[in-house]
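Peer 1:
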Amino acid sequence: MEVSAFSYQNFVTRALGEAQRRTEFTPLPLQESYKCIKAMDGKTLLQALAFTAPKVRLQRSLTIDGGQSMQVLDFAAIPEPEFDLPIFCANFFTASDMNIVILDLNPLYDVISHRDYKEKYYTNLLSLGRKYAELLPWGDKLTSESLRFFSPIVIWSKFTSSQAKHDILYQAFMDYFKAWLDLMDEACAEQDATQVVRNCEAQHRYLTWRAEKDPGHRLLKKLIGETLAKDLLRNFLFNGVDTMRCKTFLDYFPEYKCSDGTINSKRSIIGKSFATRPWDANGEFIG
Ligand code: BLA
């Protein structure tokens, strides 16, 4: 079935409306330079918004509207380091009739080795995860490098466009975002300074990974050129990567170091990937 061009813009509008009902989200001056960028093809439009809230260091979104041929959403909410809350992550890429979707509450700490963290945030969300994992089935191979940033309730899916699928995706997006907002409402600031530093480092490691290895980079460079793409990535989408800590990508991920000292451009070094969902219904890792 042909679907008329839809846009992820209303996902953003609805989510921000929900966020505003919970707490005060204030626009950040950061968004001014990226609010509306026309791509080099003269027609694709990139629109960005950024907010802050008492427990949220950065809530930012980027939508790319390329009409029928391409629609993109990158929506994230990143807590203040006083909170070990997960990072809300919705990355949806739609090209003509193909969709590539990641929706998750990305854990600040690897859930396979940090059981207490997994139990704290995900035990109550497993049924939500099961519901949408069934409606939006696992999307083929996912690298182990990406997997360590995902939670047991991650939705990783690929599907051809239909109105029904887009409705489900919208529902999933809103339900996951509301779940994240609930966690945010309940979160108490960490008093232990050592723990705050740990949270800060974990968040910085996450930003460093994404600023270097997110699969959307090539397309962004094609749309707006290398310089502006890099600026958008480091100063807007993954803001904090150059300011929160001094560590570099290779400090966190030394396995990517080439013999000449540069960063290996491959996305996966280990080469292992997961073709089926590596968590069981109880959120136990079975990969
Ligand atoms: C594909 N995007 C993917 C894939 C993943 C993600 C897992 C499958 C390919 C792969 O495993 O490398 C998303 N990967 C993530 C996320 C994390 C991660 C969110 O590690 C977080 C830790 N996608 C976008 C944006 C664009 C985009 C903004 O979010 C474009 C501007 C495009 N994603 C995009 C494209 C592909 C893709 C074109 C398929 C092409 C490819 O795999 O290279």
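Each residue of the sequence shown is one higher than the one before, starting from -12 at the first, in the working numbering. Beta carbons: idealized from backbone N, C-alpha and C, even for Gly.
(1) Out of Ile24, Glu19, Asp97 and Leu168, which has the shortest C-alpha to C-alpha gap to Ala63?
(2) In whole angstroms, what separates the C-alpha of Tyr239 from that of Arg8?
(3) Please identify the residue among Met57, Pro94, Lys42 and Asp218 whose C-alpha is closest to the C-alpha of Phe75.
(4) Do Arg197 and Phe225 have their beta-carbon atoms positioned less than 7 Å apart in this structure?
(5) Do Ser144 and Val88 have their C-beta atoms within less than 7 Å of each other?
(6) Look up Pro66 in the DSSP assignment and give the residues it is bridged to.
(7) With burial defined as no fewer than 16 other Cβ atoms inside 10 Å of the residue's Cβ, what is the status of Ile257: buried or exposed?
(8) Name the DSSP beta bridge partners of Asn86, please?
(9) For the ligand BLA, I want to know if Ser133 counts as a neighbour, meaning its beta carbon is within less than 6 Å of at least one of the ligand's heavy atoms.
(10) Gln14: buried (16+ other C-beta within 10 angstroms of its C-beta) or exposed?
(11) Any idea if Phe272 is buried or exposed, counting beta-carbon neighbours within 10 angstroms, 16 or more meaning buried?
(12) Output yes or no for whether 7 Å exceeds the beta carbon distance between Pro73 and Lys42.
(13) Alpha carbon to alpha carbon, how far is Gln150 from Gln158? Give it in angstroms, no decimals.
(14) Buried or exposed: which applies to Met(-12), given that a residue is buried once 16 or more other Cβ atoms fall within 10 Å of its Cβ?
(15) So, at 6 Å on beta carbons, what are the nonlocal neighbours of Phe79 in its own chain, with the 5 sequence-adjacent residues on each side left out?
(16) Residues bridged to Ser260 by DSSP?
(17) I'd like to confirm something about Val59: is its beta-carbon nearer than 6 Å to some heavy atom of the ligand BLA, or not?
Peer 2: Quick look at the numbers:
(1) Counting from one through the sequence shown, the residue named residue 63 turns up at place 76. Here the closest residue by C-alpha is Leu168.
(2) Locating residue 239 in the sequence shown gives position 252, counting from the first residue. Locating residue 8 in the sequence shown gives position 21, counting from the first residue. Each residue's Cα considered, the two are about 38 Å apart.
(3) Counting from 1 along the sequence shown, the entry for residue 75 is found at position 88. Checked all of Met57, Pro94, Lys42 and Asp218; the closest Cα to Phe75 is Pro94.
(4) For the purposes of this step, residue 225 is taken as residue 238 along the sequence shown, with counting starting at 1. For the purposes of this step, residue 197 is taken as residue 210 along the sequence shown, with counting starting at 1. Against a cut-off of 7 Å, the Cβ pair of Arg197 and Phe225 comes out as a contact.
(5) Walking along the sequence shown from the start, residue 144 turns up at place 157. Walking along the sequence shown from the start, residue 88 turns up at place 101. Cβ atoms of Ser144 and Val88: closer than 7 Å.
(6) Your numbering for residue 66 matches position 79 in the sequence shown. Paired residue(s): Val43.
(7) The sequence position of residue 257 within the sequence shown is 270, counting from 1. By the neighbour-count rule (16 or more Cβ atoms within 10 Å), Ile257 is not buried but exposed.
(8) One-based indexing of the sequence shown puts residue 86 at position 99. Answer is Thr81 and Phe146, bridged to Asn86.
(9) Locating residue 133 in the sequence shown gives position 146, where the first residue counts as 1. Checking the Cβ of Ser133 against the ligand BLA gives yes.
(10) For the purposes of this step, residue 14 is taken as the residue at position 27 of the sequence shown. Rather than Gln, the amino acid found at residue 14 in this sequence is Pro. Exposed.
(11) Against the sequence shown, residue 272 aligns to sequence position 285. Phe272 should be labelled exposed.
(12) As a first step, residue 73 must be located in the sequence shown, where it is residue number 86. As a first step, residue 42 must be located in the sequence shown, where it is residue number 55. No, these two residues do not count as a Cβ contact at 7 Å.
(13) Locating residue 158 in the sequence shown gives position 171, where the first residue counts as 1. Locating residue 150 in the sequence shown gives position 163, where the first residue counts as 1. Near 12 Å, if we compare the C-alpha coordinates of Gln150 and Gln158.
(14) Residue mapping note: residue -12 aligns to position 1 of the sequence shown, counting from 1. Note that Met(-12) scores a pLDDT of 41, beneath 50, so its modelled location is shaky and nothing firm can be said.
(15) To locate residue 79, count along the sequence shown from 1; it is residue 92. Around Phe79: Leu60 and Val88.
(16) Translated into the one-based positions of the sequence shown, residue 260 becomes position 273. Partner(s): Thr130.
(17) The residue given as residue 59 occupies position 72 in the sequence shown. Yes, the beta carbon of Val59 sits closer than 6 Å to at least one heavy atom of the ligand BLA.
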